[in-house]
Amino acid sequence: MRTYSVFTRITALFAVVLMGGYLLVRPAMAADAVAMVTDLAGKAQVVDEGRKRPLALLDYLRLGAEVKLGKDARVTLVYFQNSTQYVIAGEGTVRVTPNKPEVSGGAKLTANEMRQGALVANARKETAQGALVMKTAPQPIQPLSPVDTRVLDAHPVFVWKSPKAKPPFHLTLTDANKQVVTQADVKAMRFGLPAGVTLADGARYTWRVEGRTSKGEALVGEASFEVATAVERDKVRQARPTPDAAFSERVTYAVILDGMGFRDDARQLWRQLAAERPKDIRLRVRANKEH
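Right, dumping it as C-alpha cells:
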C-alpha cells in the first residue's frame, strides 16, 4: 500500500476541516488500546484519566479505563491481545485490565473466543481510517471503487461518476510496470473484468477512465488498488461471520477489514450495520465515507 508522509497527512487533515468535514475524536486511539466497544445497549459512561463521557460504539479503551453501566445496560468488548469477546450486562462498573475486564456491582461477565482469532489485532491499525473521514481531491471523472484500497476479489467491478462526461468511456487497466492488462469502451459508469482476465495476487494496479463532455472537452479519472494475497484471502474468508452472526461479531470483522486495508469490502458491511442502527453516527460515517 502507499505510504503517506507526515506532511501529506497534516495537509489532508486541514483540507477536511476547511471543507467542512468532521473528525470523530477518540479519547483512546488504537495504538494505546487494550479493547474496543463492538456493541452497546442502554446508558453507559467511561472514565478515562479522570475525564467522564458517554460510552459509544467503536470506542477504544485503554488500561485503567472504567465503564459505568446503567440499569439494563449491556456492552460488548473485544480484547486485542487474546482475541476474546466479553459481554457485560447489568448495572455496575467495568475496569479495563490487561487480560480481561474486571466487573463489580451487579454487572455480570461472560466471555467467548472469537472466530477471527489473530486477525483481531488488525483492528488496531484502522485508527486513522476510522477516526477521520478523508476525501481525495476531486477529479473530472471520479473513481468510486476500487480506490486506494486492497481488494479480496481478483475480479473487481470498476465504478465511477462524472456529472459532465458523456458516454462512451474508455477504461484502461495497467499493472505496476505500466503494461496494459485490459481496456474497453463502455457506455455505463461501471465495468466488470472480462472472464478471461485474472489479476495477480498481491499485485498493484491502476485504472484510468477517459471521457468527453457534450462539447468535446476531454476528461480523465484515475485510481489504484492492490489485490490480496492468496494467504490473506483465505484467512479473511475463514474469519467471515455468518449472515446471522451477532452484531458485535460483524462490527469486529468490518474493523478488521479496514485495518487490513480492504476498505471497499469493509464499507459494504458498514452500510449493512448502519441500516440496522440508523441513529448511530459512527456507523453512518463509515458507511458513507469516501477515500
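Just so we're aligned, residue 56 is where the sequence shown starts under our numbering, counting upward by one.
Ideal Cβ positions, reconstructed from N, Cα and C, are used throughout, including at glycine.
Are the beta-carbon atoms of residue i and residue j separated by less than 8 Å?
{"i": "valine 151", "j": "lysine 123", "result": "no"}
{"i": "valine 130", "j": "valine 158", "result": "no"}
{"i": "leucine 312", "j": "aspartate 320", "result": "yes"}
{"i": "alanine 296", "j": "tyrosine 308", "result": "What sits at residue 296 in the sequence shown is proline, not alanine. Yes, the Cβ-Cβ distance between proline 296 and tyrosine 308 is below 8 Å."}
{"i": "glycine 97", "j": "alanine 128", "result": "yes"}
{"i": "valine 236", "j": "leucine 226", "result": "no"}
{"i": "glutamine 194", "j": "glycine 271", "result": "no"}
{"i": "valine 202", "j": "valine 133", "result": "no"}
{"i": "alanine 88", "j": "leucine 116", "result": "yes"}
{"i": "alanine 294", "j": "glutamine 171", "result": "yes"}
{"i": "glutamate 281", "j": "arginine 205", "result": "yes"}
{"i": "phenylalanine 246", "j": "alanine 239", "result": "yes"}
Skipping 5 residues on each side, what residues in its chain have a beta carbon closer than 6 Å to that of residue i?
{"i": "glycine 257", "result": "Thr284"}
{"i": "phenylalanine 69", "result": "Here the model assigns phenylalanine 69 a pLDDT of 33, short of 50, so the residue's position is not dependable and the matter cannot be decided."}
{"i": "serine 303", "result": "Thr93, Asp94, Thr131"}
{"i": "proline 211", "result": "Pro201"}
{"i": "serine 279", "result": "Thr261"}
{"i": "valine 142", "result": "Thr131, Thr165"}
{"i": "proline 198", "result": "Trp215, Gly276, Ala278"}
{"i": "lysine 163", "result": "Ala144, Gly145"}
{"i": "arginine 318", "result": "Thr204"}
{"i": "arginine 263", "result": "Thr227, Glu277"}
{"i": "arginine 326", "result": "Ala342"}
Determine the burial state of residue i: buried for a count of at least 16 other Cβ atoms within 10 Å of its Cβ, exposed for fewer.
{"i": "alanine 99", "result": "buried"}
{"i": "glycine 316", "result": "buried"}
{"i": "isoleucine 336", "result": "exposed"}
{"i": "serine 200", "result": "buried"}
{"i": "leucine 112", "result": "buried"}
{"i": "glutamate 331", "result": "exposed"}
{"i": "glutamate 104", "result": "exposed"}
{"i": "alanine 273", "result": "exposed"}
{"i": "aspartate 114", "result": "buried"}
{"i": "asparagine 343", "result": "exposed"}
{"i": "arginine 108", "result": "exposed"}
{"i": "leucine 118", "result": "exposed"}
{"i": "glycine 125", "result": "exposed"}
{"i": "proline 156", "result": "buried"}
{"i": "arginine 305", "result": "buried"}
{"i": "arginine 106", "result": "exposed"}
Suppose the cutoff is 7 Å on Cβ atoms and the five residues either side in sequence are ignored; what does the same chain contact list for residue i look like?
{"i": "glutamate 168", "result": "Ser138, Thr139"}
{"i": "valine 241", "result": "Pro223, Phe224, Leu226"}
{"i": "aspartate 230", "result": "Val236, Ala258, Tyr260"}
{"i": "glycine 160", "result": "Glu146, Gly147, Thr148"}
{"i": "lysine 219", "result": "Pro195, Thr268, Leu274"}
Can you name, in chain order, every residue of its own chain whose Cβ lies under 8 Å from the Cβ of residue i, other than the five neighbours on each side?
{"i": "lysine 1", "result": "The structure shown has nothing for residue 1, since the chain only spans 56 to 346."}
{"i": "arginine 292", "result": "Leu207"}
{"i": "arginine 322", "result": "Arg341, Ala342, Lys344"}
{"i": "proline 333", "result": "Arg339"}
{"i": "proline 153", "result": "Val89, Leu118, Gln136"}
task = Could you name each continuous alpha helix (DSSP H) segment of 4 residues or more that falls completely within the segment 128-180, going from the start of the chain to the end?
result = none
task = Could I get the ranges of all uninterrupted beta strand (DSSP E) runs contained in the segment 252-308, with 3 residues as the minimum, in chain order?
result = 259-267, 273-282
request  = Check whether the segment 242-251 touches the segment 277-289, taking contact to mean three or more Cβ pairs, one atom from each stretch, closer than 8 Å.
outcome  = Contact check between the segment 242-251 and the segment 277-289: fewer than three CB pairs, one atom from each, fall below 8 Å, which does not count as touching.
inquiry  = Suppose only complete runs of 3+ residues qualify. What are the beta strand (DSSP E) ranges in the segment 84-109, listed by chain order?
reply    = List check, beta strand (DSSP E) in window: 90-96, 99-103, 106-109.
request  = Note down, one range per segment and in chain order, each alpha helix (DSSP H) of at least 4 residues found wholly within the segment 311-337.
outcome  = Listed in chain order, the alpha helix (DSSP H) elements of length 4 or more contained wholly in the segment 311-337 are 318-331.
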